[in-house]
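Colleague:
Protein chains: 2
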Amino acid sequence: MVEDPPIAALRRALPGLPPRLQEAARFVARHDFDAATRSMRELAAAAGASPATFTRLARALGYAGWEELREALIETRRPVPATPFSRRVAPGIEAMGVQAMAALPARMLEADAASLGRLDPAPIAAAARILHEAPRIWVAGFRSCRGVAQLLHYQLRLFRPADVALVGGAGPEDLDLGALAAGDALVVLGFAPYSQQSLRLARGGRDAGCRLVALADAPAAPIAEGAEQLLLFEAASGPGFFPSLTGALATAQALAAACFALGGESALARLRATEARLAAFAAYLPDPETSP
Amino acid sequence: MVEDPPIAALRRALPGLPPRLQEAARFVARHDFDAATRSMRELAAAAGASPATFTRLARALGYAGWEELREALIETRRPVPATPFSRRVAPGIEAMGVQAMAALPARMLEADAASLGRLDPAPIAAAARILHEAPRIWVAGFRSCRGVAQLLHYQLRLFRPADVALVGGAGPEDLDLGALAAGDALVVLGFAPYSQQSLRLARGGRDAGCRLVALADAPAAPIAEGAEQLLLFEAASGPGFFPSLTGALATAQALAAACFALGGESALARLRATEARLAAFAAYLPDPETSP
DNA sequence: TTTGCAATGAAACAGATGTTGCGCGTGGCG
DNA sequence: CGCCACGCGCAACATCTGTTTCATTGCAAA
Chain A
286 MVEDPPIAAL RRALPGLPPR LQEAARFVAR HDFDAATRSM RELAAAAGAS
336 PATFTRLARA LGYAGWEELR EALIETRRPV PATPFSRRVA PGIEAMGVQA
386 MAALPARMLE ADAASLGRLD PAPIAAAARI LHEAPRIWVA GFRSCRGVAQ
436 LLHYQLRLFR PADVALVGGA GPEDLDLGAL AAGDALVVLG FAPYSQQSLR
486 LARGGRDAGC RLVALADAPA APIAEGAEQL LLFEAASGPG FFPSLTGALA
536 TAQALAAACF ALGGESALAR LRATEARLAA FAAYLPDPET SP
Chain B
286 MVEDPPIAAL RRALPGLPPR LQEAARFVAR HDFDAATRSM RELAAAAGAS
336 PATFTRLARA LGYAGWEELR EALIETRRPV PATPFSRRVA PGIEAMGVQA
386 MAALPARMLE ADAASLGRLD PAPIAAAARI LHEAPRIWVA GFRSCRGVAQ
436 LLHYQLRLFR PADVALVGGA GPEDLDLGAL AAGDALVVLG FAPYSQQSLR
486 LARGGRDAGC RLVALADAPA APIAEGAEQL LLFEAASGPG FFPSLTGALA
536 TAQALAAACF ALGGESALAR LRATEARLAA FAAYLPDPET SP
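The listed protein sequences derive, respectively, from chains A and B. Using my numbering, the first residue of the first sequence is number 286, and each one after it goes up by one. Using my numbering, the first residue of the second sequence is number 286, and each one after it goes up by one.
Next comes the structure, spelled out in structure tokens:
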């Protein structure tokens with residue numbers, strides 16, 4: 286763990302500094318985020334010092350001026366850029382030893398569990414309300430998101446059989462945008478790189494007056510533009526070679542459950558009817574516990 | 286994975302904005318840290334827009350001016366101490382309802398994460414070896430397991446395009462048992478109550494001499510009978526109304542990754558070829574960062 | 001085509017920013 | 001004691017900030 290260069294330099298030079306400069310230096314070290322964002326005069330007012338003090342402090346540390354010091358503070362605060370998926374493949378597989386390969390599943394599960402813990406449940410409930418209020422629900426996910434979309438579609442259909450449809454069922458080209466109506470809910474899943482279809486669909490739904498719910502991996506995701514609710518998940522966290530959809534799936538399931546909870550008695554009744562229908566088709570094996 | 290309020294507002298308002306404002310808004314969403322730290326003119330130069338555009342953008346979002354917007358961006362980036370305005374309820378929902386409704390998704394995510402922690406990674410590596418050695422891989426999952434099966438199929442196909450097939454593609458009845466050959470790997474996913482088709486398929490594969498890998502929720506699962514490897518997951522562990530497939534998905538992803546790792550250089554080469562093929566189809570949107 | 005309106009960039013504006021020169025006060029050293 | 005070098009705040013300075021105004025553009029309706 287290496288200390289931030291500007292603050293490290295600051296701490297090192299601190300003992301040999303004049304009293305007021307020490308005061309200012311301590312203030313900067315303690316409030317480095319404010320030092321990076323607020324202006325020098327604001328900082329001086331908060332620290333009870335003169336503006337010139339901070340210029341002199343920066344000079345004493347070897348910087349050309351306060352702006353240069355602040356620039357260094359900003360850079361140390363800059364969040365690490367998310368490494369693109371494609372760039373992580375090559376070094377990953379080449380540097381992987383035999384024992385590391387054996388530990389890969391364990392590390393992936395660990396990362397998935399941690400990623401789930403970072404999910405925000407609040408917008409899920411809000412999104413569930415949108416689905417609940419909508420007369421029809423469209424679910425869309427392409428490429429690797431297709432599976433998650435299918436599961437969400439499946440679970441929603443259990444208690445709203447007539448109202449839920451999976452978009453693009455017959456193939457990637459079958460985007461029946463004409464069927465989207467104002468007031469419908471449209472759930473679009475995706476992560477970088479975003480497929481053309483998902484974006485076209487999201488825009489089409491928005492233009493049709495649909496209430497858009499996006500499941501994506503970034504606030505700046507194209508499919509999330511104009512979305513009433515954005516449910517974020519992490520696709521690229523973890524040691525796996527492919528993006529992980531665990532977070533998306535957990536979110537989708539929570540969304541379905543929350544939507545079901547909003548449905549109350551009638552949703553329960555429809556779920557029971559669906560179960561009865563499946564049983565009549567003998568789709569499932571009889572449970573040896575209940576009917577031996 | 287909480288979304289910054291100013292960026293959420295920005296994303297929602299984006300579709301109704303003029304072209305250049307949209308451009309600027311996208312830039313801010315993608316570079317929110319720079320938007321918070323650099324000056325407006327610097328930002329304008331980097332975005333290739335006019336300084337006035339950013340003032341207009343801030344106004345369009347309901348802020349008094351750019352400084353106010355940047356202040357909001359700064360506050361959401363502030364590290365440890367909770368900001369006065371950081372906790373905001375999702376718009377459109379009554380505050381009381383949010384608290385009650387948010388409880389279910391939060392508990393579900395928690396349960397899913399805990400369930401992932403209880404998964405056993407050991408048999409995954411062994412199953413991956415079976416898949417690696419098999420000339421052909423069949424993946425099967427019905428009902429709610431269909432989505433997970435589809436994703437596993439998708440990821441395996443990325444580096445073994447010719448060898449992996451999803452069973453029952455055209456419908457639940459299309460079980461092409463005749464195609465199963467001795468030595469093939471057959472992955473069957475399922476949990477109680479087990480669908481008739483999955484059991485029939487598992488038995489058919491076993492009889493045909495396939496090496497069976499089962500993903501199931503119990504050691505005594507019918508589909509696991511005669512399986513060379515059984516990957517267990519918990520389907521009924523959470524507070525949700527429907528079984529959770531998070532564990533199954535995480536397991537499937539780990540399986541695919543481990544199988545890919547076993548493939549070594551040739552798997553990597555085939556993955557690259559697949560990616561190139563998808564890119565040639567222009568299936569994905571270009572990354573605005575790498576190719577502006 | 002003409003008219004009206006929104007969108008946009010260039011430039012002018014007031015205010016804030018970081019810097020610098022000056023003067024005052026203080027404390028060590030001859 | 002006298003001197004002076006240093007630390008420090010104050011205020012003027014040039015510069016840059018965000019904003020506003022205005023003329024031009026593009027586009028759609030009349």
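The beta-carbon is built from N, C-alpha and C at its ideal position, and this holds for glycine as well.
1. Run through chain A and tell me which residues come within less than 7 Å of PRO390/B, C-beta to C-beta.
2. Can you tell me the Cα-Cα spacing of ALA407/A and ALA487/B, whole angstroms?
3. Excluding sequence positions up to five away, which residues of its chain have a Cβ less than 7 Å from the Cβ of GLY494/B?
4. Verify the CB distance criterion: does ILE292/B have a CB-CB separation below 8 Å to chain A?
5. Going along chain A in order, which residues have a C-beta closer than 7 Å to the C-beta of ALA578/B?
6. Please confirm whether CYS410/A and LEU346/A have their CB atoms less than 8 Å apart.
7. Output needed in chain order: residues of the region 307-340 of chain A with a Cβ under 7 Å from some Cβ in chain B.
8. Express the C-alpha separation of ALA337/A and LEU588/A in angstroms, rounding to a whole number.
9. Tell me the DSSP secondary structure of ARG363/B in three-state form.
10. Going by beta-carbon coordinates alone, are ALA533/B and LEU443/B separated by less than 8 Å?
11. So, using beta-carbon positions, are GLY350/B and ALA343/B closer together than 8 Å?
12. Rank PRO528/A, ARG562/A and GLN514/A by C-alpha distance to the C-alpha of LEU540/A and give the top, closest one.
13. Going along the chain, which residues of its own chain have a beta-carbon closer than 6 Å to the beta-carbon of GLY426/A, five neighbours each way excluded?
14. Leaving aside the five residues before and after ALA512/B along the sequence, list all residues of the same chain whose C-beta is less than 6 Å from its C-beta, in chain order.
15. Please report the residue range of the alpha helix (DSSP H) in which VAL287/B lies.
16. Go to ILE415/A, then tell me how far its alpha helix (DSSP H) extends in each direction, as first and last residue.
17. I need the DSSP call for ARG315/A, collapsed to helix, strand or coil.
18. Here's the rule: buried if 16 or more other CB atoms are within 10 angstroms of the residue's CB, otherwise exposed. What is THR368/A?
19. Give the range of the beta strand (DSSP E) segment to which LEU404/B is assigned.
20. Looking at GLN482/B and GLY453/B, is the spacing between their C-beta atoms short of 8 Å?
21. How many Å lie between ALA320/A and TYR348/B at the Cα?
22. Is SER529/A helix, strand or coil when you go by DSSP?
23. State the DSSP-derived secondary structure class of VAL452/A, mapped to helix, strand or coil.
24. Write down the C-beta distance between PRO446/B and LEU354/B rounded to the nearest angstrom, noting that I regard them as a contact closer than 8 Å.
25. Report the neighbours of TYR439/A on chain B: residues whose CB is nearer than 8 Å to its CB, in chain order.
26. Are the beta-carbon atoms belonging to ASP502/A and PHE518/A less than 8 Å from one another?
27. Step through the CB atoms of chain A and report whether any lies within less than 8 Å of the CB of THR531/B.
28. Rounded to whole angstroms, what is the Cα-Cα separation between LEU556/B and ALA565/B?
29. Identify, in the order they occur along the chain, each residue of the same chain with its Cβ nearer than 8 Å to the Cβ of ARG428/A, setting aside the five sequence neighbours on each side.
30. Answer with buried or exposed for VAL313/A, where buried requires no fewer than 16 other C-beta atoms within 10 angstroms of its C-beta.
31. Determine, for ILE422/B, whether the minimum Cβ-Cβ distance to residues of chain A falls below 8 Å.
32. I'd like to know whether the C-beta of GLU288/B is nearer than 8 Å to at least one C-beta of chain A.
33. Please decide whether ASP397/B counts as near chain A, where near means a Cβ-Cβ distance under 8 Å.
34. Under a three-way DSSP split, which group does LEU465/A fall into?
35. Could you tell me whether the Cβ of GLY549/A comes closer than 8 Å to any Cβ of chain B?
36. Which bits of chain B does LEU534/A rub up against, with CB to CB less than 7 Å?
Modeller: Taking the definition as stated:
1. Simply PRO406, ILE409, ALA410, ALA539 and ALA543.
2. Computed Cα separation, rounded: 41 Å.
3. The beta carbon of GLY494/B sits closer than 7 Å to those of ALA467 and GLY468, all from its chain and outside the five residues before and after it, given in chain order.
4. Any Cβ of chain A closer than 8 Å to the Cβ of ILE292/B would place that residue at the interface, and such an atom is present.
5. Because chain B spans 286 through 577 in this model, residue 578/B falls outside it and cannot be assessed.
6. Per the sequence presented here, residue 410/A reads as Ala, with Cys not at that position. No, these two residues do not count as a Cβ contact at 8 Å.
7. So the close ones are PHE318, ALA321 and THR322.
8. In the structure as shown, chain A starts at 286 and stops at 577, and residue 588/A therefore has no counterpart that could be examined.
9. ARG363/B carries a coil assignment under DSSP once its states are collapsed to helix, strand and coil.
10. No, they are not a contact pair.
11. Taking 8 Å as the Cβ cut-off, GLY350/B and ALA343/B qualify as a contacting pair.
12. It is GLN514/A whose Cα lies nearest to the Cα of LEU540/A.
13. Sequence-distant partners of GLY426/A (beyond 5 residues in either direction) whose C-beta falls short of 6 Å from its own C-beta, in its chain, are VAL433, ALA434 and LEU474.
14. So the qualifying residues of the chain are LEU497 and ALA499.
15. Unbroken run through VAL287/B: none, as it is neither H nor E.
16. Run containing ILE415/A: 407-418, per the alpha helix (DSSP H) assignment.
17. Helix.
18. Its pLDDT being 47, under 50, THR368/A is placed unreliably by the model, and nothing is read from it.
19. That residue, LEU404/B, is in no beta strand (DSSP E); it is neither H nor E in DSSP.
20. Yes, they are a contact pair.
21. Going from the Cα of ALA320/A to the Cα of TYR348/B covers about 24 Å.
22. In the three-state reduction of the DSSP assignment, SER529/A falls in the coil class.
23. Looking at VAL452/A - three-state DSSP - the assignment turns out to be coil, as it is neither helix nor strand.
24. PRO446/B to LEU354/B, Cβ: 48 Å. No contact.
25. Neighbours of TYR439/A in chain B, taken as residues at a C-beta separation under 8 Å, are given in chain order as ARG428, SER429, ARG431 and GLY432.
26. In this structure, PHE518/A lies closer than 8 Å to ASP502/A by Cβ.
27. For THR531/B, the answer is yes, since a Cβ of chain A falls inside 8 Å of its Cβ.
28. Pairing LEU556/B with ALA565/B, the inter-Cα distance amounts to about 14 Å.
29. Within its own chain, the residues whose Cβ lies closer than 8 Å to the Cβ of ARG428/A, once the five positions on either side in sequence are excluded, are SER480, listed in chain order.
30. With 16 or more Cβ atoms within 10 Å of its Cβ, VAL313/A is classed as buried.
31. It does not; no Cβ of chain A falls within 8 Å.
32. Against chain A, the CB of GLU288/B has a partner CB under 8 Å away; the residue lies at that interface.
33. Closer than 8 Å: yes.
34. DSSP places LEU465/A in coil when its eight states are reduced to three.
35. Not closer than 8 Å to any Cβ of chain B, the Cβ of GLY549/A fails to qualify, so no.
36. Per Cβ cutoff of 7 Å: LEU530, THR531 and LEU534.
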